[in-house]
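Respectively, the protein sequence lines represent chains G, X, L and P.
When we follow the working numbering, the leftmost residue of the first sequence carries the number 9, and every step to the right adds one.
When we follow the working numbering, the leftmost residue of the second sequence carries the number 9, and every step to the right adds one.
When we follow the working numbering, the leftmost residue of the third sequence carries the number 9, and every step to the right adds one.
When we follow the working numbering, the leftmost residue of the fourth sequence carries the number 9, and every step to the right adds one.
Glycine included, each C-beta is placed from N, C-alpha and C at the ideal position.
Number of protein chains: 4
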Amino acid sequence: MLEVARELFAELGDQVQMAEVAKAADVGIGTVYRHFPTRQALVEAAAQHRFAEILDFARERCLAAPDPGVGLDLLLTGIGEVLAKDRGLSGAIESAMGSAEPSGDSRTALEGLAGTLLDRGRAAGSVRDDATVTDVYMIVCGLAAVIRTGSGDWRRFVRLALDALRSGRPSSPTG
Amino acid sequence: MLEVARELFAELGDQVQMAEVAKAADVGIGTVYRHFPTRQALVEAAAQHRFAEILDFARERCLAAPDPGVGLDLLLTGIGEVLAKDRGLSGAIESAMGSAEPSGDSRTALEGLAGTLLDRGRAAGSVRDDATVTDVYMIVCGLAAVIRTGSGDWRRFVRLALDALRSGRPSSPTG
Amino acid sequence: MLEVARELFAELGDQVQMAEVAKAADVGIGTVYRHFPTRQALVEAAAQHRFAEILDFARERCLAAPDPGVGLDLLLTGIGEVLAKDRGLSGAIESAMGSAEPSGDSRTALEGLAGTLLDRGRAAGSVRDDATVTDVYMIVCGLAAVIRTGSGDWRRFVRLALDALRSGRPSSPTG
Amino acid sequence: MLEVARELFAELGDQVQMAEVAKAADVGIGTVYRHFPTRQALVEAAAQHRFAEILDFARERCLAAPDPGVGLDLLLTGIGEVLAKDRGLSGAIESAMGSAEPSGDSRTALEGLAGTLLDRGRAAGSVRDDATVTDVYMIVCGLAAVIRTGSGDWRRFVRLALDALRSGRPSSPTG
DNA sequence: GATGAATGAGGTTTCATTCAT
DNA sequence: AATGAATGAAACCTCATTCAT
């Protein structure tokens, strides 16, 4: 049922109604509410579902990658692919719950993972010294927006982001 | 009245109601509808208002800047400041009309402007050869998201973006 | 509209729905909600309406009565008549808001009035010394229940109550 | 299970849901429905349970009382205590089934009992000649309301009622 | 031109009841 | 006999929009 909801959100964004989800899942509307006591709860669950997918991918493909220098590349590309797979969901998540950021355990896990990849990249020379997890966060946030609004080729955005994180000297000293 | 609406959107995001706008502007709700036949029209007008503000700024401060190498920096920072001034508006625009991108004349003007700044930067050596207007578009889109969600220090995001647009060699040849 | 609602409650009790009220008043349901932002608000207003009616009656017929000894009699009978006129309302009031008692100004006014009548009755010898406003309160509460449930002839109940309030010696010393 | 339900109603009034009862009784909801095919049936059963308790008390303590003059006093006080023990139940009963009055056998038994006590009181001189079972009914109904709404000290109400039933001359001849 | 009361479709949520396991 | 997931009618409430004054 969560799967169904996620697909529906992916396609129609925030405008999907509980009744629609029920019909698509071929259950009564009460059943939807039995599992998710609130529309917001459903959206949150869909968000969690997506975070989990990203986390799985990140652990299997990025951490386990043979070449330590491409970890971040894989991560951003992987996230991009997940986000691009169901575009509408991002919008639903954002309007149903302030921001589209993970919270709780997902967040902690994701941050730990990004930190590790950052360190490896630094060791491999593909990441600048002053790059932080927050930088990655902002980039992912931006990436999500680029994908959601379709404002350009998100793979290009990822490459630009990697360039930014790699660039020789730290960014301008001010600030 | 548009000003009032914009402030309201800035503060409360997409959840402001037409009646609220009317009260804040101290007019009847019918009057709001006289000027903006639809809620969406009002949001669009507020968006236009903001684009115009950005355009004004861009022409006066970026094009007219003495140092041609800092044009893009000024532009992105200027845009960031406008977006940060009324954060909620971005969300309202996005949920009321697919994306938060300008359209029509604003779009054309903004694109021309970005192209000019890109050229100047290239001439000054602060912008890589393969940078395009679309790159800037995506970056602005990402910047808007970073600001809207407050996912980090947007000035840092701007610096990263400039690094990306500057980085010596073109990004990895793949893709 | 309030009148209409009151009649509806009188007839159908707590089961009347907002849509019913709207239809009976020949307005849209939104209009009902414009005047009474909540179902409970509507019930409360109906209650106030009834309290006001009682108050008016009490002031005009009880306080202004020529024979000071019959004040309480008139009061209880008058209240009984008002309550009997729209029986269902009492139930609606009670289930929508804890008890069916007045609050705020109505309460104060009613208490002052009862006190006055009690004093006059005492002077006329038709009310025992230890009778209090709270006694009257309880009696009215009981009267309301008798009428609402139709458990007997409420006029008989009123006579019994007056006998209780009149009875020569104070009630049994215990308790 | 009935006990559990009764306690729940006592505490929460008419708002207890079938699922709540099931959980509190530590059975599945289906089991509740096996025993009580309808919510109303459950409430009725709880009401019966209470009537039975009152009946037991009345037979043991009132009919068997040494002093025949205090029968009614004991009865009303006893009923008051039972009603006060689980206040919420009265409300539940009333909104689930028109009035809170007993029906069928309970009713007959209770009426017979009240009649007997009335007769004894009359013989003992503590009850006026024209008092009827219906009078007692109304008084109990009022008492229930006083207790349910907490509109005053119900023991005082009982004393007033006894005074009313005792008072020397029959109430005013009119009516 | 301005006003704001009225509108009502549409959305969320609840809960008594059913029935396959 | 017990279970509890599923059901869906029905209730409440919101808010963009209209239109008579």
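Next item on the list: For Ala66/P, count neighbouring C-beta atoms within 10 Å of its own C-beta (all shown protein chains included) and say buried if the count is 16 or more, exposed if not.
Entry: Buried, since its Cβ has 16 or more Cβ neighbours within 10 Å.
Notebook entry, point to check: Does the region 157-173 of chain X come within contact of the region 137-146 of chain G, defined as at least 3 CB pairs closer than 8 Å?
Noted result: yes
Margin query: Let me see if you follow: with CB-CB separation under 7 Å, is Met146/G close to chain X or not?
Written below: yes
Check: Going along the region 152-163 of chain L in order, which residues come within less than 9 Å of chain P, judged by CB to CB distance?
Finding: Identification of residues in the region 152-163 of chain L having a C-beta nearer than 9 Å to some C-beta of chain P yields Ala152, Ala153, Val154, Arg156, Thr157, Gly158, Ser159, Gly160, Asp161, Trp162, Arg163, given in sequence order.
Next item on the list: Return the chain-ordered ranges of every alpha helix (DSSP H) run that is complete within the region 26-77 of chain L and spans a minimum of 4 residues.
Entry: Runs of the alpha helix (DSSP H) inside the region 26-77 of chain L: 26-33, 37-43, 47-65.
Check: Sorry if obvious, but does the Cβ on Gly120/P come closer than 6 Å to a heavy atom of the ligand GTP?
Finding: Ligands in the displayed structure: none, and consequently the ligand GTP is not present.
Notebook entry, point to check: Ordered along the chain, which non-local residues of its own chain (more than five positions away) have a Cβ less than 7 Å from that of Phe44/X?
Noted result: Leu50, Ala53
Next item on the list: Identify each residue in the region 105-122 of chain G for which the Cβ-Cβ distance to at least one residue of chain X is less than 9 Å, and report them in chain order.
Entry: Gly106, Ser107, Ala108, Glu109
Note to self: Let me confirm a value: Glu102/P is counted as buried when at least 16 other C-beta atoms fall within 10 Å, else exposed. Which label applies?
What the structure shows: Counting Cβ neighbours within 10 Å, Glu102/P comes out buried, since at least 16 surround it.
Next item on the list: Measure the alpha-carbon distance for Val29/G versus Leu10/G and round it to whole angstroms.
Entry: 9 Å
Notebook entry, point to check: Can you name the residues of chain P whose CB is closer than 7 Å to the CB of Thr142/L?
Noted result: Close partners of Thr142/L in chain P (Cβ separation under 7 Å): Gly160.
Notebook entry, point to check: Is it buried or exposed for Arg115/L, if we count other Cβ within 10 angstroms and need 16 for buried?
Noted result: exposed
Next item on the list: Tell me whether Ala131/X sits in a helix, a strand or coil according to DSSP, three-state version.
Entry: Three-state result, Ala131/X: helix.
Notebook entry, point to check: What did DSSP end up calling Asp113/L once you bin it into helix, strand or coil?
Noted result: helix
Checklist line | Burial state of Ala27/X (16 or more Cβ within 10 Å) | finding: Around the C-beta of Ala27/X, fewer than 16 other C-beta atoms lie within 10 Å, and the residue is accordingly described as exposed.
Check: To the nearest angstrom, how far is it from the Cα of Ile37/G to the Cα of Gly160/X?
Finding: 39 Å
Check: What did DSSP end up calling Met105/L once you bin it into helix, strand or coil?
Finding: coil
Notebook entry, point to check: By a C-beta neighbour count over all protein chains shown, 10 Å radius and 16 as the cutoff for buried, is Ala131/G buried or exposed?
Noted result: By the neighbour-count criterion, in which a residue is buried when 16 or more other Cβ atoms sit within 10 angstroms of its Cβ, Ala131/G is exposed.
Notebook entry, point to check: Which one of Ala100/G, Ala169/G, Leu125/G has the shortest CA to CA distance from Leu16/G?
Noted result: Ala100/G
Next item on the list: Could you name the residues of the same chain whose beta carbon sits closer than 6 Å to that of Ala92/P, not counting the 5 residues immediately before and after it, in chain order?
Entry: Ile155
Next item on the list: Starting from the C-beta of Val78/P, find all residues in its chain whose C-beta is less than 8 Å away, skip the five residues before and the five after it, and write them out in chain order.
Entry: Ser134
Item checked: Inter-residue Cα distance where the pair is Arg122/X and Arg136/X -> What sits at residue 122/X in the sequence shown is Ala, not Arg. Going by the C-alpha atoms only, they are around 14 Å apart.
Note to self: For Arg14/X and Asp127/X, which I take to be in contact (beta-carbon distance under 8 Å), what is that distance rounded to the nearest angstrom?
What the structure shows: Beta-carbon to beta-carbon, Arg14/X and Asp127/X are separated by about 33 Å, too far to satisfy the 8 Å threshold.
Note to self: Is it buried or exposed, Ala21/X, if we count other Cβ atoms within 10 angstroms and call 16 or more buried?
What the structure shows: For the record, residue 21/X in the displayed sequence is Gly; it is not Ala. Label assigned to Gly21/X: buried.
Item checked: Three-state class that DSSP yields for Ala92/G in the structure shown -> helix
Next item on the list: Determine the direct distance from the alpha carbon of Val90/P to that of Gly158/P, and round the result to whole angstroms.
Entry: 14 Å
Margin query: Just checking: is the beta-carbon of Asp137/P within a distance shorter than 7 Å of some beta-carbon in chain L?
Written below: False, the Cβ-Cβ gap to chain L never drops below 7 Å.
Item checked: Chain-ordered chain L contacts of Ala169/P [CB-CB under 8 Å] -> Leu168, Ala172
Checklist line | Listed by chain order, chain G residues near Asp22/X by CB distance under 8 Å | finding: Ser103
Item checked: Within chain G, partners of Phe17/X - CB distance below 9 Å -> Those do not exist, as Phe17/X stays about 14 Å from chain G at its closest Cβ, beyond 9 Å.
Next item on the list: At 8 Å on the CB atoms, spell out the chain P contacts of Phe59/L, in chain order.
Entry: None at all; the shortest Cβ gap to chain P is about 15 Å.
Item checked: Proximal residues of chain X, C-beta to C-beta of Cys70/G below 9 Å -> Those within 9 Å of Cys70/G in chain X number zero; the least Cβ separation is about 17 Å.
Notebook entry, point to check: By the criterion of Cβ-Cβ separation under 7 Å, what are the contact partners of Gly38/L in chain P?
Noted result: What Gly38/L touches in chain P: nothing, since even the nearest Cβ is about 28 Å away.
Notebook entry, point to check: I think Glu109/X touches Val141/X, with their Cβ atoms under 8 Å apart; what is that distance to the nearest whole Å?
Noted result: Contact between Glu109/X and Val141/X is ruled out by a C-beta separation of about 13 Å, above the 8 Å threshold.
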